[in-house]
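Our numbering applies: residue 68 is where the sequence shown begins, and numbers increase by one. Ideal placement from N, C-alpha and C gives every residue a C-beta, glycine not left out. Model, not experiment: these values are computed from the prediction. Below is one structure, written out as structure tokens, with a few remarks after it.
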Amino acid sequence: MPITANRERAALPGCVALLLALPALLFALTTWQVVADGPLVRLDERLSRVLVNPDRCSELLADLGNIQVAVPVLAVALGYVAVRRRRVGADRWWLPVAAAALLMALVPALVVPLKELTDRPGTPAVPPGTGYYPSGHTATAAIAYGSATLLLLPRLRTTLARRALITLCVALVLGASYGLVRRGYHWPLDVVASWCLCVILLTSLWLFVRTVTTPGRSQPPGP
Numbered sequence: 068m069p070i071t072a073n074r075e076r077a078a079l080p081g082c083v084a085l086l087l088a089l090p091a092l093l094f095a096l097t098t099w100q101v102v103a104d105g106p107l108v109r110l111d112e113r114l115s116r117v118l119v120n121p122d123r124c125s126e127l128l129a130d131l132g133n134i135q136v137a138v139p140v141l142a143v144a145l146g147y148v149a150v151r152r153r154r155v156g157a158d159r160w161w162l163p164v165a166a167a168a169l170l171m172a173l174v175p176a177l178v179v180p181l182k183e184l185t186d187r188p189g190t191p192a193v194p195p196g197t198g199y200y201p202s203g204h205t206a207t208a209a210i211a212y213g214s215a216t217l218l219l220l221p222r223l224r225t226t227l228a229r230r231a232l233i234t235l236c237v238a239l240v241l242g243a244s245y246g247l248v249r250r251g252y253h254w255p256l257d258v259v260a261s262w263c264l265c266v267i268l269l270t271s272l273w274l275f276v277r278t279v280t281t282p283g284r285s286q287p288p289g290p
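Structural data, given as structure tokens:
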């Protein structure tokens, strides 16, 4: 067991670097292509024409990225985690919850300037306008459901329950992403860019939560 734990700790910096560097590079590439109207944008537009087929199902899936849907889910999860951590006497019990709430609040602060910078037009399925890159609805879904999952995972006792929660989170984010593209609210690259941005943000949140909730350092072990 100690050998395994040591190996996991040794591999952690490399995994974290990959989770931060790879999406950052991909985000930089897609943003450059959007601003420069490069060949990746033309490929993106052709792919969109194949995928777009507005229907009621895609509309409902896209709604998973609405603030009115995603943020209340996160609020319930944060409330539960706050109560549980305080009940077990965790040191600085409020820090992980506050960090997740702050991350959610940062989404528009990051996405809106990027929309103005890139000034990308929408698909033919939406009224004429600009500011579609990156997808704010995708970012809202990824941060809300992803943050809730990161904070709830340590509360689950079984591997099956943790896998089910991760699967549900992935399904919600992918469902919202698919709905946005299928309905024509966003180009595929808009969604991919938000994925990249959110991987960086959620990795940062995970590192912070891992630091402040490590037993023996920031809180006593608890259920």
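Through-space distance from residue 216 to residue 229, alpha-carbon basis: When only Cα atoms are considered, residue 229 and residue 216 end up about 9 Å apart.
Can you tell me whether residue 270 is buried or exposed, with buried defined as 16 or more other CB within 10 angstroms of its CB? The residue in question, residue 270, is buried, as its Cβ has 16 or more Cβ neighbours within 10 Å.
Who are the Cβ neighbours of residue 87 in its own chain at under 7 Å, not counting the five residues just before and after it? Only 267, 270 meet the Cβ criterion.
Return the first residue and the last residue of the alpha helix (DSSP H) that residue 244 is part of. Bounds of the alpha helix (DSSP H) holding residue 244 are 226-250.
Same chain, Cβ closer than 8 Å to residue 149, neighbours up to 5 away in sequence not counted: Excluding positions up to five away in sequence, the list reads 160, 161, 164.
Using DSSP with H/G/I as helix, E/B as strand and the rest coil, what is residue 207? Of the three classes helix, strand and coil, the one that applies to residue 207 here is helix, per DSSP.
Whether residue 115 touches residue 190 by CB criterion (8 Å): A contact, by the Cβ cut-off of 8 Å.
State yes or no: is the C-beta of residue 129 within less than 8 Å of the C-beta of residue 246? Contact: yes.
Where do the ends of the alpha helix (DSSP H) carrying residue 125 lie? Residue 125: member of the alpha helix (DSSP H) spanning 123-129, first to last residue.
Any idea if residue 186 is buried or exposed, counting beta-carbon neighbours within 10 angstroms, 16 or more meaning buried? By the neighbour-count criterion, in which 16 or more other beta carbons inside 10 Å mark a residue as buried, residue 186 falls on the exposed side.
Just to confirm, are residue 251 and residue 204 a CB contact at a threshold of 8 Å? Contact: no.
When DSSP labels each residue in this structure, what does residue 197 get in the three-state scheme? If DSSP states are grouped into helix, strand and coil, residue 197 belongs with the strands.
Pop quiz: residue 171 and residue 211 are said to be a contact at Cβ under 8 Å. What is the actual Cβ separation, rounded to whole angstroms? Indeed they touch by this definition, with Cβ atoms about 6 Å apart.
Report back the beta-carbon spacing between residue 256 and residue 97 to the nearest angstrom; my notes put them in contact at under 8 Å. Between the beta-carbon of residue 256 and that of residue 97 there is about 5 Å, and that keeps the pair under the 8 Å contact cut.
As assigned by DSSP and simplified to three states, the class of residue 188: Residue state for residue 188 is assigned as strand, using DSSP reduced to three classes.
8 Å contact criterion, which residue 188 and residue 280 should meet: CB distance rounded: About 44 Å separates the two Cβ atoms, so there is no contact after all.
Ends of the alpha helix (DSSP H) at residue 104? Membership of residue 104 in any alpha helix (DSSP H) is not indicated, and neither H nor E is assigned to it by DSSP.
Near residue 275, which residues of its chain fall below 6 Å by C-beta distance, leaving aside the five closest residues on each side in sequence? Excluding positions up to five away in sequence, the list reads 166.
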